[in-house]
Amino acid sequence: MDIGVPGGRELLDFSDALVGDDRKTLDAARIALANSIGEETIAGAAAVAANFTKNDRIANGCGIPTEPMVLKATKEIRAELNLNGFRSAINSSRHFPDDM
Numbered sequence: 212m213d214i215g216v217p218g219g220r221e222l223l224d225f226s227d228a229l230v231g232d233d234r235k236t237l238d239a240a241r242i243a244l245a246n247s248i249g250e251e252t253i254a255g256a257a258a259v260a261a262n263f264t265k266n267d268r269i270a271n272g273c274g275i276p277t278e279p280m281v282l283k284a285t286k287e288i289r290a291e292l293n294l295n296g297f298r299s300a301i302n303s304s305r306h307f308p309d310d311m
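In structure tokens form, the structure reads like this:
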């Protein structure tokens with residue numbers, strides 16, 4: 212997949228590997244990223260991913276609900292993946308029960 216940036220495929224593979232549970236896949240993705248756009252990019256890419264995770268956890272911890280537009284657009288996939296079963300889903304269902 213071409214995402215329009217140098218090393219885009221490698222960045223996508225690295226981000227997938229970061230949230231996976233296979234260390235060998237992560238190591239291979241890290242090496243591919245370094246070979247594609249340089250070793251110095253690995254720390255930056257990991258920091259961006261960590262920041263997204265941090266922001267999501269802060270939002271969940273503060274009780275910030277998902278926006279109604281997003282709830283409506285993701286209703287089927289949330290049901291399919293049982294995302295409404297996660298404890299943090301209460302943040303949205305409390306404010307927007309009809310969209311859950």
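Basically my numbering = 1-based index in the sequence shown + 211.
Backbone N, C-alpha and C fix where the C-beta goes; we use that ideal spot for every residue, glycine too.
ask   = Under a Cβ-count criterion, where at least 16 other Cβ atoms within 10 Å of its own Cβ denotes burial, should Thr-264 be classed as buried or exposed?
value = Residue burial is scored here from C-beta neighbours: Thr-264 has fewer than 16 other C-beta atoms within 10 angstroms and is therefore classed as exposed.
message = Within 8 Å, do at least three Cβ pairs link the segment 235 to 247 to the segment 217 to 225?
response = Touching, yes, given that three or more Cβ pairs across the two stretches are closer than 8 Å.
message = Spatial neighbours of Gly-218 within its chain, please: C-beta separation below 6 Å, excluding the five flanking residues on both sides.
response = Around Gly-218: Ser-247 and Ile-248.
inquiry  = Let me confirm a value: Glu-221 is counted as buried when at least 16 other C-beta atoms fall within 10 Å, else exposed. Which label applies?
reply    = With at least 16 other beta carbons inside 10 angstroms of its own, Glu-221 counts as buried.
Separation of Lys-235 from Thr-252, as counted between CA atoms = One C-alpha to the other measures close to 19 Å.
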